[in-house]
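A.B. asks:
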Amino acid sequence: MPFAIPDDVLAAFPLGDVHAVTPATAGLIHSTFRVDAERGSFILQRLHPVLSSEAIAEDFWQVTEFLRGKNFPAPRCVRSNAGSVLVQDAEGKPWRAQTFLPDGVTHLRVRTPAMAAEAAGLYARFHRVMLDFSHPFASARRLPSPRVFADFDETAQSHEGSDLFDAVTEEVAFIRQEMPRLFLPDGLRARAVHGDPKISNILFDTSDRAMALVDLDTCGRRPIALELGDAFRSWCGLEEDRADNAFRLDVFEAGWKAYHAAADFLTPQEIGTVGQGIALITMELASRFLADYFNDRYFGWDAARYPSRRAHNLARARGGLALYRNFVAKRDEVERILHD
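Structure, rendered in structure tokens:
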């Protein structure tokens, strides 16, 4: 990482003497460090401005404290010495601390159907626990899909006639054609969910058993079809920037059966919208990557593999569209598994 944790930020949290600071694997949004200190091991993150409001900070505190009371395996938010969740550094950048969960292994890809079943079982347990979460979320972090599409369309329009637009005319046209058809029906029940159920937000043990859930700052209330759609999109696809990205039915079947077996709270309507949710979220994320291809300011990118953020975002967008097309080709089998 091109920066370190400022000393005043370290001193602002109740860590005691700091022994070591280690950059963790960078996500798409935040910059993350492990801090080993006198009072234990912690995770400190410099937050992206989009996820650094006081409202989101309060929601994060409420969720982690609630899960602590339920003995659900997840990190705890650590307030600063002054009692705040967020600490600003000298540049005005926000930082947040949480406990470090030892012995957990992070995976960037679901390797086997059995791993998908483990992940799905943990998410089902989380969703069941969160049925009792009564805190009204102060923030609304996830934009409705029609708004995401409108923002994408406006961004694309603003670049029409440019070389950037000319390079992606087919992708823009395809998203404009497909995405509005996928919006979920109004009136679906909103449940308290994680909001970013990718596999790297689960900690596994060395036998690939799911141990804990992390990155809880995206929690909110939304239809379960969006949560499960995002989970199966990310678990069942290949690497997101692959031009031949494809939807793995064996991974989906194992994950869905494990989730459904533990989620007797689902309604028939919710089950009936899971397939649509997978298609919608796949298309929605592709549109967001393509929008950032134009805007060039939001998602993190891999400088070791791509010459620019724009190039990486374009590869992600095309990989997402490949995954969408492959999923559509397998949709009948997906629906059979859902209703078997």
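The sequence shown runs contiguously to residue 1525 in the numbering used here.
For each residue, glycine too, the CB sits at the ideal point set by N, CA and C.
Should E1438 go down as buried or exposed, given a rule of 16 or more other Cβ atoms within 10 Å for buried?
C.D. replies: Label assigned to E1438: buried.
A.B. asks: So, for I1409: in the same chain, excluding its five sequence neighbours on each side, which residues have a beta-carbon less than 6 Å away from its beta-carbon?
C.D. replies: So the qualifying residues of the chain are R1376 and E1455.
A.B. asks: Out of W1486, V1513 and F1512, which has the shortest C-alpha to C-alpha gap to A1500?
C.D. replies: Comparing Cα positions, the closest option is W1486.
A.B. asks: Grab me the residues of R1219's own chain with a C-beta within less than 7 Å of its C-beta, minus the 5 sequence neighbours each way, in chain order.
C.D. replies: Excluding residues within five positions, the ones whose Cβ falls inside 7 Å are T1207, A1209, S1226, I1228 and F1285.
A.B. asks: Taking 9 Å as the cut-off, decide whether the C-beta atoms of V1378 and N1386 are in contact.
C.D. replies: Contact: no.
A.B. asks: Cα separation between E1425 and G1462?
C.D. replies: Roughly 18 Å separates the two Cα atoms.
A.B. asks: Given this structure, state the Cα-to-Cα distance separating N1511 from F1432, to the nearest angstrom.
C.D. replies: Answer to the nearest angstrom: the Cα atoms are 6 Å apart.
A.B. asks: So the candidates are I1466, G1414, A1496 and Q1230; which of them puts its Cα closest to the Cα of Y1444?
C.D. replies: When only C-alpha atoms are compared, the closest one is G1414.
A.B. asks: Can you have a look at G1372 and say buried or exposed, based on whether 16 or more other CB atoms are within 10 angstroms of its CB?
C.D. replies: Looking at its Cβ environment, which holds fewer than 16 other Cβ atoms inside 10 Å, G1372 is exposed.
A.B. asks: With C-beta atoms as the reference, is A1309 less than 9 Å away from A1447?
C.D. replies: Contact: yes.
A.B. asks: Reducing DSSP to helix, strand and coil, say where V1436 ends up.
C.D. replies: In this structure, V1436 counts as helix in the three-state DSSP scheme.
A.B. asks: In the DSSP assignment, what are the bridge partners of A1237?
C.D. replies: Before going on, a small fix: residue 1237 reads as Ser here, not Ala. S1237 pairs with nothing; no bridge assigned.
A.B. asks: The beta strand (DSSP E) with D1226 in it runs from where to where?
C.D. replies: Position check: residue 1226 holds Ser in this sequence, whereas Asp was assumed. Residues G1225 to R1231.
A.B. asks: What did DSSP end up calling S1216 once you bin it into helix, strand or coil?
C.D. replies: Residue state, collapsed to three classes: strand.
A.B. asks: Going by DSSP, what residues sit across from A1205 in a beta bridge?
C.D. replies: Beta-bridge pairing links A1205 to D1221.
A.B. asks: Please determine if the region 1233 to 1249 and the region 1312 to 1332 are in contact, where contact requires at least 3 C-beta pairs separated by less than 8 Å.
C.D. replies: With the cut-off at 8 Å, the region 1233 to 1249 and the region 1312 to 1332 touch.
A.B. asks: In the DSSP output, which residue or residues are listed as bridge partners for W1280?
C.D. replies: Looking at the DSSP assignment, W1280 forms a beta bridge with R1231 and V1272.
A.B. asks: Skipping 5 residues on each side, what residues in its chain have a beta carbon closer than 7 Å to that of P1187?
C.D. replies: Only weak support is given to the placement of P1187: the predicted model assigns it a pLDDT of 47, under 50, and the value that follows is read from those uncertain coordinates. Cβ neighbours of P1187 beyond the five flanking positions: none.
A.B. asks: Name the two residues that bound the continuous beta strand (DSSP E) containing L1398.
C.D. replies: Its beta strand (DSSP E) spans residues A1395 to L1398.
A.B. asks: Closest to T1403 by CA distance: which of Y1491, R1503 and V1235 is it?
C.D. replies: Looking at the Cα atoms, V1235 is the closest of the given residues.
A.B. asks: Measuring alpha carbon to alpha carbon, tell me which residue in Q1230, I1241, T1458 and E1518 is nearest L1367.
C.D. replies: With distances taken between Cα atoms, L1367 lies closest to T1458.
A.B. asks: Which residues in the same chain have their Cβ closer than 6 Å to the Cβ of D1192, if we skip the five residues on either side of it in sequence?
C.D. replies: Cβ neighbours of D1192 beyond the five flanking positions: none.
A.B. asks: Just verifying my parser: in three-state terms, what is the DSSP assignment at A1528?
C.D. replies: Nothing about residue 1528 can be reported from this structure: the residues present for the chain run from 1186 to 1525 only.
A.B. asks: How should Q1230 be labelled, buried or exposed, when 16 other C-beta atoms within 10 angstroms of its C-beta is the threshold for buried?
C.D. replies: Buried, by the Cβ-count rule.
A.B. asks: Taking DSSP as the reference, what is the three-state secondary structure of C1421?
C.D. replies: Helix, per DSSP.
A.B. asks: Taking one C-beta from the region 1471 to 1480 and one from the region 1341 to 1357 each time, how about it: are there three or more such pairs within less than 8 Å?
C.D. replies: Because the criterion of three Cβ pairs below 8 Å is met, the region 1471 to 1480 and the region 1341 to 1357 touch.
A.B. asks: Taking the C-alpha atoms as reference points, what is the distance between R1516 and G1460?
C.D. replies: Going by the C-alpha atoms only, they are around 7 Å apart.
A.B. asks: Using a 10 Å radius around the Cβ and a threshold of 16 neighbouring Cβ atoms, would you call V1290 buried or exposed?
C.D. replies: Exposed is the call here.
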